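Numbering (the UniProt record's numbering), first residue to last: 1 to 811.
Glycine included, every Cβ here is placed at the ideal spot set by N, Cα and C.
As the structure is a computational prediction, the values presented were derived from the model and not from experiment.
Structure below.
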């Protein structure tokens with residue numbers, strides 16, 4: 001950086017604690033370390049001319065006043081103001097110098113006044129007898145010295161291992177604010193860059209190389225890399241880290257050592273030069289005695305440096321395992337031959353339909369739906385709906401029959417096929433734009449009335465436990481439905497666990513906000529689906545984390561174990577996304593004789609740093625880690641990205657394909673789509689339209705999933721049915737017609753309006769008679785009895801003698 005050269009201090013002198021040796025601190029370019037030099041004696045060339053008297057006073061003054069920010073490696077004290085006695089001494093000496101006019105203009109008072117406060121500086125120079133121009137120039141130089149002091153405090157701040165990288169970063173942040181004042185003169189992005197460069201510059205050589213190789217882009221990343229280095233480098237308790245001096249290459253008797261300290265040029269040495277210096281005999285010993293800190297042995301420094309370097313080399317090169325960020329997991333680079341093979345699939349039944357499903361299926365499509373919407377569920381629904389309908393409408397409410405309820409569900413299924421987004425409900429009953437199925441089944445008023453009073457529980461009983469159970473309105477009905485899912489179908493050797501998000505924005509105690517999802521607001525369902533067909537094996541509603549619930553701490557693990565509980569001990573694999581996958585879940589599933597394959601979030605602490613995304617990693621490369629029965633792989637699909645997958649099913653580093661994909665990732669891509677396929681098929685033809693109550697949203701999703709499972713079961717039992725592309729759409733249309741026809745036949749068609757009567761006759765396949773009267777089909781031909789009445793079921797003419805008149809109660 002350009003600012004580095006402007007603020008870089010020149011060599012500074014200080015007297016050691018003993019008052020004999022002079023310690024020189026030399027700061028070089030960006031990326032190097034402070035060089036501590038302690039020569040036994042530095043000779044000063046006598047000044048010639050009128051400046052000779054000033055030179056003597058200047059040397060005496062520097063020996064008594066000047067402070068250095070450091071005293072050895074561990075000293076972090078910054079420049080402090082001079083004491084009152086030394087200030088008085090400076091007044092006298094500076095005044096004498098001013099009167100003699102022997103103050104060198106090019107040097108000025110800046111170096112001598114670094115330790116004075118601003119008020120003392122002004123008082124000192126007011127006593128000088130020089131001209132006004134000289135005073136103004138001196139005051140300007142004093143202000144510049146104060147700014148230089150702030151810069152030096154920031155630039156010369158040194159690493160101290162006892163405090164740790166994070167505390168160093170906090171102190172640097174405060175010093176940089178005092179110097180640059182970003183609230184007035186700079187932006188935070190520039191401040192971040194300056195601190196990052198300074199932080200890297202003051203790190204020890206081994207740590208600096210470790211951090212720079214990983215290319216940190218922010219201060220937080222650099223701090224994490226530095227802490228990871230400390231974790232990887234075990235040290236003796238209580239020992240302090242030594243930084244190798246870069247000045248070991250200077251010779252004591254060199255002609256350069258006789259010059260002024262400001263003429264000493266910093267010499268950069270590699271670690272190879274330092275190691276060679278340890279073995280060069282007496283000359284190397286003399287060099288070490290010059291540049292080692294006080295009270296430290298050069299041989300001890302060399303041994304610690306060599307040990308530190310060997311530890312780093314072992315960590316990066318020859319070590320056979322990766323260490324996780326939480327220091328609890330060790331991943332070997334090579335799979336162990338002693339690890340047992342993955343658990344085989346222990347399936348007592350072949351994938352497909354169960355004997356229970358085969359017995360219940362008939363030649364009607366509705367038989368497949370009744371596997372999931374059982375008679376007990378329909379009776380439950382009828383009971384609470386009729387009860388609430390009587391409370392709302394009173395005498396105007398006609399009790400709902402089972403055929404009418406099935407017809408209502410059939411219209412909702414057909415609405416999912418025919419209803420386009422944004423269309424009004426009334427348009428489905430329109431004689432111009434609507435469908436005849438809806439007009440022939442029931443009026444739009446009757447449909448809305450059922451839609452309003454449909455209930456799944458008793459409101460009076462709900463009040464007793466609604467405060468603790470958010471799912472009380474649908475708990476019983478949803479529980480019965482869950483029990484029907486696993487009975488008809490046996491999944492394949494792999495199931496997928498994921499989440500389904502149903503859009504809804506209204507008053508709802510279980511509504512979730514997910515900004516990453518397109519709807520953003522809705523109800524979350526956790527699902528376990530077959531990886532091949534998308535058949536829903538189990539599902540649950542996420543009602544949020546209850547306060548004080550201990551199970552909420554391992555929410556993801558608890559959800560997966562509950563969804564796959566009916567599969568425990570079967571040896572099947574579970575494929576999950578990054579929300580559920582972790583090492584603890586893989587080990588828990590292994591106890592139940594199941595395996596896990598899934599992606600991991602980058603924030604998981606069990607992932608080593610080598611597996612994280614890095615721009616320096618090669619595209620299409622992979623890094624493997626093995627631990628017991630677990631395999632961790634990080635694949636780079638493109639620059640700066642990484643896909644991290646955990647598997648307890650695989651134990652090899654096999655790679656195949658043109659893009660060099662690991663076998664673990666290929667298996668994950670093959671089995672990850674179970675829940676996604678289910679969600680896409682359900683959302684394509686959904687019955688959730690114009691719903692304003694969240695229990696109806698749950699019920700609509702139950703109906704959609706029941707229709708999807710019914711379709712999979714039907715096609716499994718009848719693989720040659722409707723061999724066309726839009727099989728599911730045709731299945732839903734035929735299913736809806738089968739559900740509404742019994743109720744259409746039960747209606748008194750003759751007394752319906754003309755448009756409704758025509759729609760009903762078309763759906764039932766009844767040809768309208770041209771005559772108003774017809775012969776009774778039950779009377780003898782010779783009797784020739786003609787009548788206008790028709791049977792409501794078959795549509796044939798029937799006379800009064802062969803017909804029965806029934807009231808609503810008898811029906």
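The residues 441, 442, 739, 740, 742, 743, 744, in chain order, have a CB closer than 8 Å to that of residue 407 in the same chain once the five nearest residues on each side in sequence are set aside.
Taking the Cα positions, residue 728 is about 28 Å away from residue 693. Between residue 327 and residue 337, the alpha-carbon positions lie close to 25 Å from each other. Residue 597 carries a strand assignment under DSSP once its states are collapsed to helix, strand and coil.
At the C-beta level, residue 334 and residue 626 come within 8 Å of one another. By the criterion of at least three beta-carbon pairs nearer than 8 Å, the region 697-705 is not in contact with the region 562-573. In the three-state reduction of the DSSP assignment, residue 197 falls in the helix class, which pools H, G and I. In this structure residue 597 touches residue 664 by the C-beta definition: roughly 7 Å separates them, less than 8 Å. Residue 672 carries a coil assignment under DSSP once its states are collapsed to helix, strand and coil.
Relative to residue 413, the option among 700, 378, 399 whose CA is nearest is 700.
When the Cα atoms are used, residue 537 and residue 573 turn out to be separated by approximately 14 Å. Inter-segment contact for the region 594-609 and the region 644-653 is present: three or more beta-carbon pairs are separated by less than 8 Å. For residue 694, the uninterrupted alpha helix (DSSP H) run begins and ends at 694-717, by DSSP.
Taking the Cα of residue 207 as reference, the smallest distance to any Cα among 226, 806, 367 is reached at 226. In this structure residue 659 is exposed. Its beta-carbon is surrounded by fewer than 16 other beta-carbon atoms within 10 angstroms. Residues 342, 573, 595, 597 of the same chain have their beta carbon placed closer than 7 Å to that of residue 649, with the five preceding and five following residues left out of the count. DSSP places residue 215 outside both helix and strand once states are collapsed to three, so it counts as coil.
C-alpha of residue 214 to C-alpha of residue 614: approximately 8 Å in a straight line.
Counting other Cβ atoms within 10 Å of its Cβ, residue 320 stays below 16 and is therefore classed as exposed. CA-CA distance, residue 736 to residue 428, rounds to 15 Å. One thing to note: residue 651 has its Cβ no nearer than 8 Å to the Cβ of residue 669. In the three-state DSSP reduction, residue 608 falls in the strand class (E or B). Under the DSSP definition of a beta bridge, residue 643 partners with 635. Taking each of 516, 492, 458, 221 in turn and checking the Cα distance to residue 384, the smallest one comes out for 458. Here DSSP, grouped into helix, strand and coil, assigns residue 324 to strand.
With a cutoff of 8 Å on beta-carbon distance, residue 372 and residue 484 are scored as near each other. Taken atom to atom, the span from the alpha-carbon of residue 493 to that of residue 673 is near 14 Å.
Between the beta-carbon of residue 495 and that of residue 351 there is about 11 Å, and that puts the pair past the 8 Å contact cut. Per DSSP, reduced to three states, the secondary structure at residue 331 is strand.
Residue state for residue 470 is assigned as coil, using DSSP reduced to three classes. Per DSSP, the unbroken alpha helix (DSSP H) holding residue 386 starts and ends at 375-393. Nearest neighbour of residue 450 by Cα position, chosen from 435, 470, 390, 418, turns out to be 390. Only residues of its own chain outside the window of five on either side were considered, and among them 487 have a CB closer than 6 Å to the CB of residue 356, listed in chain order. A straight line joining the alpha-carbon of residue 752 with that of residue 723 spans about 38 Å.
In the DSSP assignment, residue 736 falls within the alpha helix (DSSP H) that extends over 727-746.
Residue 714 counts as buried, since no fewer than 16 other beta carbons sit within 10 angstroms of its beta carbon.
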